[in-house]
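S.K.: Residue 320 in my numbering sits at position 309 of the sequence shown, with consecutive numbering throughout. Can you keep this structure in mind? I'll have questions shortly.
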Amino acid sequence: MYRSNLVFFAACLGMLLFGVVFLSLGSVNNLLAERFQLDDVAIGTLTALLPLGILLGSLAFGPVVDRFGYRWMLAGAALAVGAGLEGLAFTTSKLVVQLCVLVIGVGGGVLNGATNALAADVSEGQRAARLSLLGVFFGIGALAMPSTLALLSRYYSLPTIVASIGAAVLIPAAYCLAIDFPPPKQRADDASLLDGLRLLRDPVFLFAGLALAVQSGMEGLSNDWMTRYLKKVTFAGRLHAEWQLQLGLIATAGAMTLARLALAGILRRVDCRAVLAASLGLTAVGAALFRSTPEYGTALLAALLVGAGLAAVFPIVLSYIGDLYPDRSGTAFSAIFVIALTGNMAVNKAFGYVAHAHGVEQYATMMLSCLAVSAVLLTIVVQRLNLRTSSPGP
């Protein structure tokens with residue numbers, strides 16, 4: 012018999028590891044560039060392989076955990092990430108590096124989706140709060156990789172540090188093998204990838220997926236374009252230090268992590284709809300501040316507000332999905348994350364064209380535009396959920 016707190020801790024360990032995955036390539040790309048004499052095009056190829064792997068992992072995990080349970084899927088994904096990190100640390104082959112990045116991405120995609128689905132499965136009645144708490148561990152993992160490299164690089168070589176992090180992956184893998192998990196929800200012949208496509212027939216699921224696609228796009232904009240916006244717009248050619256640019260990114264990521272920690276308590280007492288409205292409002296104020304003035308202090312405040320505002324949507328919408336599909340949560344979360352990741356790539360690619368044509372100063376306008384679309388989609392989701400719960404019929 013499984014114990015929900017032990018299972019939830021397994022999900023937290025997996026999400027922490029996904030945070031490491033998310034920042035892994037950015038943390039070691041200089042190491043790889045020097046070892047293999049990679050140019051920007053080759054580095055660009057590597058950066059494309061990581062989200063591709065995450066997308067593949069997100070697509071695959073759902074039907075597997077619904078059929079066979081979480082134990083071996085989580086342990087295998089953790090070991091895949093560890094093996095990939097060991098490869099990055101020691102390989103002398105460019106092809107192996109590319110394979111390692113792809114494997115790390117696939118393992119990370121499985122960890123991201125499966126931990127969210129697992130947390131939803133063992134958190135009935137408090138899904139939004141515990142999914143928000145789960146997101147805190149992503150922030151911890153994301154900050155751990157670059158911080159560990161920065162702190163220990165004075166004493167050890169980067170390959171040694173990366174290999175040690177890869178070896179540490181054995182801890183969550185062993186933990187997952189040692190505890191009991193909820194039993195599989197479906198027979199082996201009851202779950203398939205086609206089930207994810209069938210879910211799109213449900214308007215609530217479809218609009219929730221589109222809302223998360225836009226939300227994921229905004230999170231991608233805040234992660235990928237923040238430093239460039241500060242460099243090109245806030246400082247606009249004036250002298251600045253690299254840490255001043257990185258501080259904007261830290262402000263966004265740190266505010267999101269702290270906000271999710273606070274939401275773990277707030278969502279136990281406050282209606283999700285009110286929290287969603289406040290979240291959208293904070294993000295709008297932050298994006299508007301980016302447009303109002305080029306001053307650095309104001310930009311940092313805007314980054315904090317955007318990070319805090321973006322924190323609530325994913326855990327709340329995922330809690331809705333967990334409530335709607337408790338008997339096939341793996342497949343539902345798999346499909347929803349594929350939609351979200353596709354939106355992330357599409358929004359960021361679109362803004363690349365916008366920035367090329369009109370300048371990166373359109374960052375705030377793009378954020379506000381995405382926010383308006385997100386608000387409409389989330390309103391539709393909430394309204395349809397209200398109709399479903401108030402209807403006496405099935």
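We put the CB at the ideal spot given by N, CA and C, even for glycine. These numbers were taken from a predicted model, which means no experiment stands behind them.
1) Take the Cβ of residue 107 as the centre, count every other Cβ of all protein chains shown within 10 Å, and call the residue buried at 16 or more, exposed below.
2) With 16 as the cutoff for other CB atoms within 10 Å, does residue 48 come out buried or exposed?
3) Here's a check: name, in chain order, each residue in its chain whose Cβ is nearer than 6 Å to the Cβ of residue 148, leaving out the five neighbours to either side.
4) If we ignore side chains and look at the alpha-carbon of each, how far apart do residue 266 and residue 319 end up?
5) Looking at C-alpha atoms only, which residue of 342, 294, 152 is the closest neighbour of residue 233?
6) Between residue 182 and residue 123, which are expected to be in contact by the criterion C-beta below 8 Å, what is the C-beta distance as a whole number of angstroms?
7) Could you tell me the alpha carbon to alpha carbon distance between residue 42 and residue 172, rounded to whole angstroms?
8) Do you know offhand how far residue 397's Cα is from residue 391's?
9) So which of 67, 191, 174, 85 has the shortest CA-CA distance to residue 126?
10) Measure the C-alpha to C-alpha separation of residue 221 and residue 88 and round it to an integer number of angstroms.
11) If we call anything under 8 Å between Cβ atoms a contact, is residue 18 one with residue 194?
12) Would you mind reading off the limits of the alpha helix (DSSP H) that contains residue 170?
13) With 16 other CB atoms within 10 Å as the buried threshold, where does residue 78 fall?
14) Hey, quick one: how far does the alpha helix (DSSP H) through residue 303 stretch, first residue to last?
15) Under 8 Å between the Cβ atoms of residue 332 and residue 347?
16) Please return the same chain residues whose Cβ sits closer than 6 Å to the Cβ of residue 315, not counting the five positions on each side in sequence.
17) Check this for me: beta carbons of residue 244 and residue 371, under 8 Å apart or not?
18) Do residue 323 and residue 269 have their CB atoms nearer than 8 Å?
19) Give the C-beta separation of residue 115 and residue 180 to the nearest angstrom, bearing in mind that I take them to be a contact with Cβ-Cβ under 8 Å.
20) If I follow the unbroken alpha helix (DSSP H) through residue 143, where does it start and stop?
21) Less than 8 Å between the C-beta atoms of residue 321 and residue 229, yes or no?
22) When you compare each of 120, 109, 376, 46 to residue 73 by their alpha carbons, which one comes out closest?
23) Please classify residue 188 as buried or exposed, where buried requires at least 16 neighbouring CB atoms within 10 angstroms.
24) Buried or exposed: residue 306, going by 16 or more other Cβ atoms within 10 Å of its Cβ?
25) Could you give the first and the last residue of the continuous alpha helix (DSSP H) run that contains residue 308?
26) Drop a sphere of 10 angstroms on the beta-carbon of residue 276, count the other beta-carbons inside from all chains shown, and report buried for 16 or more, exposed for fewer.
27) Whose C-beta lies closer than 8 Å to the C-beta of residue 255 among residues of the same chain, with five residues either side of it excluded?
28) Nearest-angstrom Cα distance between residue 101 and residue 95?
29) Quick one: grab the DSSP three-state call for residue 364.
30) Quick check on this structure: which residue in 285, 206, 150 has the alpha carbon closest to the alpha carbon of residue 29?
31) Taking the beta carbon of residue 304 as the centre, do at least 16 other beta carbons fall within 10 Å, making it buried, or is it exposed?
32) Judging by CA-CA distance, which residue of 317, 226, 225, 345 is the nearest neighbour of residue 76?
33) Quick check on residue 242: does DSSP put it in helix, strand or coil?
34) Residue 103: buried (16+ other C-beta within 10 angstroms of its C-beta) or exposed?
35) Exposed or buried, residue 196, counting other C-beta atoms within 10 Å across all chains shown (16 or more means buried)?
M.R.: In brief:
1) Residue 107 sits at position 96 when you count from the first residue of the sequence shown. When all chains shown are included, residue 107 counts as exposed.
2) Taking the first residue of the sequence shown as 1, we reach residue 48 at position 37. Exposed.
3) As a working mapping, residue 148 is identified with position 137 in the sequence shown. Apart from sequence neighbours up to five positions away, the residues of its chain that approach residue 148 with a beta-carbon distance below 6 Å are 23, 26, 27, ordered along the chain.
4) Locating residue 266 in the sequence shown gives position 255, counting from the first residue. Locating residue 319 in the sequence shown gives position 308, counting from the first residue. Going from the Cα of residue 266 to the Cα of residue 319 covers about 5 Å.
5) Within the sequence shown, residue 233 is the residue found at index 222, counting from 1. Looking at the Cα atoms, 294 is the closest of the given residues.
6) The sequence position of residue 182 within the sequence shown is 171, counting from 1. The sequence position of residue 123 within the sequence shown is 112, counting from 1. Separation of the CB atoms of residue 182 and residue 123 is rounded to 19 Å, and the pair is thereby denied contact status at 8 Å.
7) Taking the first residue of the sequence shown as 1, we reach residue 42 at position 31. Taking the first residue of the sequence shown as 1, we reach residue 172 at position 161. Between residue 42 and residue 172, the alpha-carbon positions lie close to 12 Å from each other.
8) Within the sequence shown, the letter at position 386 stands for residue 397. Within the sequence shown, the letter at position 380 stands for residue 391. So the alpha carbons of these two residues sit roughly 10 Å apart.
9) Indexing the sequence shown from 1 puts residue 126 at position 115. The residue with the shortest Cα to Cα distance from residue 126 is 85.
10) Counting from one through the sequence shown, the residue named residue 221 turns up at place 210. Counting from one through the sequence shown, the residue named residue 88 turns up at place 77. About 27 Å.
11) In the sequence shown, counting from the first residue as 1, residue 18 sits at position 7. In the sequence shown, counting from the first residue as 1, residue 194 sits at position 183. Contact flag unset, no.
12) Here residue 170 refers to the residue found at position 159 when the sequence shown is read from its first residue. Element bounds for residue 170: 169-179.
13) Along the sequence shown, one-based indexing puts residue 78 at 67. Classification for residue 78: buried.
14) Taking the first residue of the sequence shown as 1, we reach residue 303 at position 292. Its alpha helix (DSSP H) spans residues 283-303.
15) Here residue 332 refers to the residue found at position 321 of the sequence shown. Here residue 347 refers to the residue found at position 336 of the sequence shown. Result yes, Cβ atoms of residue 332 and residue 347 sit closer than 8 Å.
16) Here residue 315 corresponds to residue number 304 of the sequence shown, with the count starting at 1. Excluding positions up to five away in sequence, the list reads 262, 266.
17) For the purposes of this step, residue 244 is taken as residue 233 along the sequence shown, with counting starting at 1. For the purposes of this step, residue 371 is taken as residue 360 along the sequence shown, with counting starting at 1. Yes. Within cutoff.
18) Position 312 of the sequence shown, counted from the start, is the residue given in the question as residue 323. Position 258 of the sequence shown, counted from the start, is the residue given in the question as residue 269. Contact flag unset, no.
19) Stepping through the sequence shown from its first residue, residue 115 is reached at position 104. Stepping through the sequence shown from its first residue, residue 180 is reached at position 169. Their Cβ separation, rounded to whole angstroms, is 10 Å, which puts residue 115 and residue 180 out of contact at 8 Å.
20) Stepping through the sequence shown from its first residue, residue 143 is reached at position 132. 138-163 is the span of the alpha helix (DSSP H), which, as asked, contains residue 143.
21) By 1-based counting over the sequence shown, the position of residue 321 is 310. By 1-based counting over the sequence shown, the position of residue 229 is 218. One thing to note: residue 321 has its Cβ within 8 Å of the Cβ of residue 229.
22) As a position in the sequence shown, residue 73 is number 62, starting the count at 1. In this structure, 120 is the residue among 120, 109, 376, 46 with its C-alpha nearest to the C-alpha of residue 73.
23) Counted from its first residue, the sequence shown places residue 188 at position 177. Residue 188 should be labelled exposed.
24) Numbered from its first residue, the sequence shown carries residue 306 at position 295. Under this definition residue 306 is an exposed residue.
25) Position 297 of the sequence shown holds residue 308. Per DSSP, residue 308 belongs to the alpha helix (DSSP H) from 307-320.
26) Position 265 of the sequence shown, counted from the first residue, corresponds to residue 276. It counts as exposed.
27) Along the sequence shown, one-based indexing puts residue 255 at 244. By the criterion of a C-beta distance shorter than 8 Å, residue 255 is surrounded in its chain by 241, 246, 307, once the five residues flanking it on both sides are discounted.
28) Locating residue 101 in the sequence shown gives position 90, where the first residue counts as 1. Locating residue 95 in the sequence shown gives position 84, where the first residue counts as 1. The straight-line gap from Cα to Cα measures roughly 10 Å.
29) Here residue 364 corresponds to residue number 353 of the sequence shown, with the count starting at 1. Note: residue 364 maps to helix in three-state DSSP.
30) Start at 1 with the first residue of the sequence shown, and residue 29 comes out as number 18. Nearest option by C-alpha distance: 150.
31) The count along the sequence shown starts at 1 and reaches residue 304 at position 293. Exposed: under 16 other Cβ atoms inside 10 Å.
32) Residue mapping note: residue 76 aligns to position 65 of the sequence shown, counting from 1. Closest option to residue 76, Cα to Cα, is 345.
33) Position 231 of the sequence shown, counted from the start, is the residue given in the question as residue 242. Reduced to three states, the DSSP call for residue 242 is helix.
34) The residue you call residue 103 lines up with position 92 of the sequence shown. Looking at its Cβ environment, which holds fewer than 16 other Cβ atoms inside 10 Å, residue 103 is exposed.
35) Sequence index remark: in the sequence shown, residue 196 carries index 185 (1-based). Residue 196 counts as buried, since no fewer than 16 other beta carbons sit within 10 angstroms of its beta carbon.
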